[in-house]
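For the record, the sequence lines run as chains S and U.
The first sequence begins at 1 in the working numbering and counts up by one.
The second sequence begins at 1 in the working numbering and counts up by one.
Cβ atoms here follow ideal geometry from the backbone N, Cα and C, with glycine treated the same way.
Notes follow once the structure below has been shown.
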Amino acid sequence: MKQSFAQAFMYSPNSGSASIKEEYTITVYTENHIGLLTRISIIFSRRKINIESLNTSPSEIPGIHRFNIVIHETEDVVKKLVRQIEKQVEVLKAYYNTNDEIIWQEMALYKVPTSEIAAKAKVERLLRQYGARAVVIRNDYTVFETTGHREETDQLIEVLAPFGLIEFVRSARVAIIKASAGFHEKLREFEQAEPGEEVIENEYLDKQQEVFSM
Amino acid sequence: MEVATAPATANTTQPIMNITGSEVVIRSLLAEGASTVFGYPGGAIMPIYDALYDFNDQLQHILVRHEQGAIHAAQGFARTSGKTGVVFATSGPGATNLVTGLADAMIDSTPVVCITGQVFAHLLGTDAFQETDVINITAPVTKWNYQVTDASEISEVIAKAFYIAGSGRPGPVLVDITKNAQVQKIDFAGHTPCKHIRSYRPKPQVRSEFVEAAAKLINEAERPYILFGQGVILGNAEAEFKAFVEKSGIPAAWTLLGLSALPTNHPLNVGMLGMHGNYGPNVLTNECDVLIAIGMRFDDRVTGRLDKYAKQAKIIHLDIDPAEIDKNVKATVPVWGDCKETLPLLTNLVAQKQHTAWVQRFRDMAEEEHKVVIQDECNPQSGEMTMGEVINLLNKLTNGNAVIVTDVGQHQMVACRYATFNQSRSNVTSGGLGTMGFALPAAIGAKYGAPNRPVVAVIGDGGFQMTIQELGTIMQFGADVKIIILNNNFLGMVRQWQELFLEKRYSFVDITSPDFVQVAKGYYIDGQRITDRSNLETGLQTMLNHKGSYLLEVMVAKENNVFPMVPQGCGVAEIRLK
């Protein structure tokens, strides 16, 4: 039995399915559990998949958290990832959607020198054109805020850059599923039927001096 | 060996005032029915060991020689007993030494609960002595883990740990307990086992429309074929499985971990799947028209190249873990659920049949395999001794009643191919992770898990040296484990690959060994080396008759290869007999 090195060790993926990579938004409802963020994120890093955007925050129901994770992958891969996520003990439910199936927004903050803006730019026009609003106006700087898709918030960076953009920050994507009829009601019933447990945090970190230990 | 089999204690224990968290740990373990703990003490778990001191008559503790030995022993215990194995280890290096065993238990779905000590809660993150971030290190290799920083959490968390480890698709769980929680005094209300966690669904709901669709496919099939895995054993569904096989008359082949779920001599048991599996089971995978996979996960060592795997067949996949459906092989009909529930439903709906001509195909190919491979491997008349003949004689002397624990490599494939089994939970091996060094500690645990059965560990000369220190555990606690070392003076499986695929460039596979018999004697364990075929049978008989542990080193041919073999990158039908 003779085989070349390449034959023995290389797998030639001729079987490659025709699936195409695109942007998927994964929505995950979870318990509020310390360490769960790691458990979810390592499902991606184990497969060397880059997370484009990740938002995690309490949902509208106390005790239940909601993740929005954006990745660029094929549907086959996304489907398997979602099943692995759902397998975690503290995960209540996970879904995936294409961009067609969701409404999403990102929020961005722009900090610009007030003097520059006032002198050179027609602030009025900027605000109207980009749907932005001024959050803070001080003598030294002004902070604008806008929400929209990535392209929209990117555009405003370009516009503001000539006026000396000082700092910029963008949030992760938050997305709502177009076909999510009854989600809120189901969550509320779920929580009412069996309230979640309280998170127990480390209460001892600031008590170093009071405790004898070895 | 006297083993305390703990009585199944009442569901809740009585309240006790003002006791330490450590005592709560012990009382909770007892309430969960734990009888044996494998462990190793250290600074951060000392309070728990102190509490254990008062319970030694109820909770047997086996002091291993390395924490890896503790977790492999707990795995062996779980595999033979069907109960959850329990491990104690200290913080830092004690905990990190568990990682290999956790990964092994994770991929082989073995229920294990590890309790690790941790530094005081106020020292977390300060790089304290023997502090390590155990929760994050073990996250990818545990089904669940949790850090306890307050004694009031202990009982409930241990209840959850046992529930999660043992339910659904089982797996390892780690509970990390900071030292302050261990010494903290609380009023203990009693231990209540966990029966439900709101975010956790151990078993998917059985959907009858899929069971019906599966039955329809099976009834219409001309060449149906069953592949069964450890799911049958983990679901305690051996009887349900046998009933299904016998009514449907479908030939059934096993994965490495499914071995012993159906007796070897069952007329419809057609053998082993995969890279070193049997000839017929591999080739005919690509000729069946309906493939029924039960409690198995289409590992790459089973499927070979996926684009050449059973492309002609309709696939029915029964599994308790929804993430396994469509993971590697797309199912035509998925049957989610515990096979203990789904198999009887399916058996009800399938027609009583005999697939005589189809089964005969397997027999014909088995005959061919016997002529080309098995005859010389198991009954050589001259030349050097072979691994196969050792297993063959062992079968004869134990009548297939022994628990056989194997390590990883050539001897593992040979032992699993040729060992005969009459009952389930008899084959203990490291399948998914392929952990060398698994067998010796796992055999110790297997004996505590099945104290009334003979336990034989079959180990290679390489793997034995990886956890050789556990001979000390046998010495101290007297586990009656028979050890067969199949010594070919090589790291045989890697050597085989180097011979076949790398032009015999034997890069660091030539391993020298100590005098194993003398090493065993140093641990007060009897043994002998067999260098000649004429002494082999008496040697094996001496080993089996010996009271207590015994080591038999058998010098086998240096450069034998395991065949058949599906070369990596090939389809299962391209299996080679030589």
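Which residue comes first and which comes last in the alpha helix (DSSP H) that contains residue i?
i: residue 22(U); result: 21–31
i: residue 463(U); result: 461–464
i: residue 190(S); result: 183–193
i: residue 349(U); result: 339–349
i: residue 106(U); result: 99–107
i: residue 96(S); result: Where residue 96(S) is concerned, there is no enclosing alpha helix (DSSP H), although the beta strand (DSSP E) it sits in stretches over 91–98.
i: residue 58(S); result: Here residue 58(S) belongs to no alpha helix (DSSP H); instead the beta strand (DSSP E) covers 51–58.
Can you pull the DSSP bridge partners for residue i?
i: residue 68(U); result: Answer is none; residue 68(U) lacks a bridge partner.
i: residue 172(U); result: 112(U)
i: residue 505(U); result: Residue 505(U) pairs with nothing; no bridge assigned.
i: residue 38(U); result: 62(U), 87(U)
i: residue 317(U); result: 293(U), 334(U)
i: residue 253(U); result: 227(U), 271(U)
i: residue 527(U); result: 551(U)
i: residue 113(S); result: 141(S)
i: residue 134(S); result: 144(S)
To the nearest whole angstrom, what separates the beta carbons of residue i and residue j, a pair I think is in contact under 8 Å?
i: residue 439(U); j: residue 450(U); result: No, residue 439(U) and residue 450(U) are not in contact; Cβ-Cβ is about 15 Å, not under 8 Å.
i: residue 339(U); j: residue 462(U); result: Actually they do not touch by this definition, with Cβ atoms about 36 Å apart.
i: residue 186(U); j: residue 335(U); result: Their Cβ separation, rounded to whole angstroms, is 46 Å, which puts residue 186(U) and residue 335(U) out of contact at 8 Å.
i: residue 135(S); j: residue 124(S); result: Actually they are not in contact, since the Cβ atoms of residue 135(S) and residue 124(S) sit about 16 Å apart, beyond 8 Å.
i: residue 582(U); j: residue 292(U); result: A question about residue 582(U) goes unanswered here, because the residues of chain U that appear run from 1 up to 578.
i: residue 68(S); j: residue 169(S); result: Contact doesn't hold; Cβ gap of about 17 Å is too wide.
i: residue 267(U); j: residue 182(U); result: So it is not a contact: roughly 56 Å between Cβ atoms.
i: residue 204(S); j: residue 136(U); result: Not really, about 19 Å apart at Cβ, beyond 8 Å.
i: residue 70(U); j: residue 39(U); result: 5 Å
i: residue 244(U); j: residue 193(U); result: No, residue 244(U) and residue 193(U) are not in contact; Cβ-Cβ is about 32 Å, not under 8 Å.
i: residue 447(U); j: residue 543(U); result: At roughly 15 Å, the Cβ-Cβ gap does not stay under 8 Å, so residue 447(U) and residue 543(U) are not in contact.
i: residue 189(U); j: residue 227(U); result: With a Cβ gap of about 48 Å, residue 189(U) and residue 227(U) do not count as contacting.
Please work out which residues of its chain come closer than 6 Å, Cβ to Cβ, to residue i, disregarding the five sequence neighbours upstream and downstream, and give them in chain order.
i: residue 165(U); result: 84, 111, 113, 173
i: residue 134(U); result: 95, 116, 176
i: residue 213(U); result: 333
i: residue 529(U); result: 517, 553
i: residue 72(U); result: 101, 438, 441, 442
i: residue 426(U); result: 260, 403
i: residue 11(S); result: Here the model assigns residue 11(S) a pLDDT of 42, short of 50, so the residue's position is not dependable, and the following value carries that caveat. Around residue 11(S): no qualifying Cβ.
Looking at C-alpha atoms only, which residue of the options is the closest neighbour of residue i?
i: residue 474(U); options: 32(U), 64(U), 54(U), 562(U); result: 64(U)
i: residue 183(S); options: 196(S), 54(S), 25(S), 59(S); result: 59(S)
i: residue 206(S); options: 269(U), 162(U), 264(U), 122(U); result: 122(U)
i: residue 350(U); options: 460(U), 221(U), 330(U); result: 221(U)
i: residue 169(U); options: 316(U), 268(U), 321(U); result: 321(U)
i: residue 87(U); options: 392(U), 61(U), 286(U), 520(U); result: 61(U)
i: residue 42(S); options: 139(U), 125(U), 50(U); result: 139(U)
i: residue 55(U); options: 40(U), 67(U), 35(U); result: 35(U)
i: residue 154(S); options: 171(S), 114(S), 38(S); result: 171(S)
i: residue 559(U); options: 452(U), 13(U), 509(U), 26(U); result: 509(U)
i: residue 421(U); options: 100(U), 394(U), 430(U), 411(U); result: 394(U)
i: residue 532(U); options: 574(U), 381(U), 424(U), 520(U); result: 381(U)
i: residue 374(U); options: 397(U), 415(U), 355(U); result: 415(U)
i: residue 193(S); options: 303(U), 190(U), 147(U), 199(U); result: 199(U)
i: residue 53(U); options: 32(U), 27(U), 71(U); result: 27(U)
i: residue 344(U); options: 13(U), 215(U), 302(U); result: 215(U)
i: residue 562(U); options: 275(U), 136(U), 204(U), 240(U); result: 275(U)
i: residue 128(S); options: 102(S), 147(S), 138(S), 181(S); result: 147(S)
i: residue 311(U); options: 29(U), 31(U), 573(U), 15(U); result: 573(U)
Sorted by chain position, which residues of the same chain lie with C-beta nearer than 7 Å to residue i's C-beta, five sequence neighbours on each side aside?
i: residue 226(S); result: The structure shown does not extend to residue 226(S), since chain S is modelled only from 1 through 214, so no value can be given for it.
i: residue 277(U); result: 271
i: residue 353(U); result: 248, 249
i: residue 287(U); result: 223
i: residue 73(S); result: 21, 24, 49
i: residue 75(U); result: 85, 101, 104, 105, 110, 112, 442, 445
i: residue 166(S); result: 111, 112, 113, 141
Start and end of the beta strand (DSSP E) containing residue i?
i: residue 227(U); result: 224–228
i: residue 125(U); result: Residue 125(U) -> no beta strand (DSSP E), and no H or E assigned at all.
i: residue 170(S); result: 167–170
i: residue 480(U); result: Residue 480(U) -> no beta strand (DSSP E), and no H or E assigned at all.
i: residue 130(S); result: Unbroken run through residue 130(S) is the alpha helix (DSSP H), 123–130; no beta strand (DSSP E).
Whose C-beta lies closer than 8 Å to the C-beta of residue i among residues of the same chain, with five residues either side of it excluded?
i: residue 364(U); result: 280
i: residue 556(U); result: 384, 385, 386, 387, 390, 486, 487, 488
Determine, for residue i, whether the minimum Cβ-Cβ distance to residues of chain B falls below 8 Å.
i: residue 254(U); result: The chain labelled as chain B is not found among the protein chains of the depicted structure, namely S and U.
Please confirm whether any heavy atom of the ligand HEM lies closer than 7 Å to the CB of residue i.
i: residue 132(S); result: This structure does not include the ligand HEM; it has no bound ligands of any sort.
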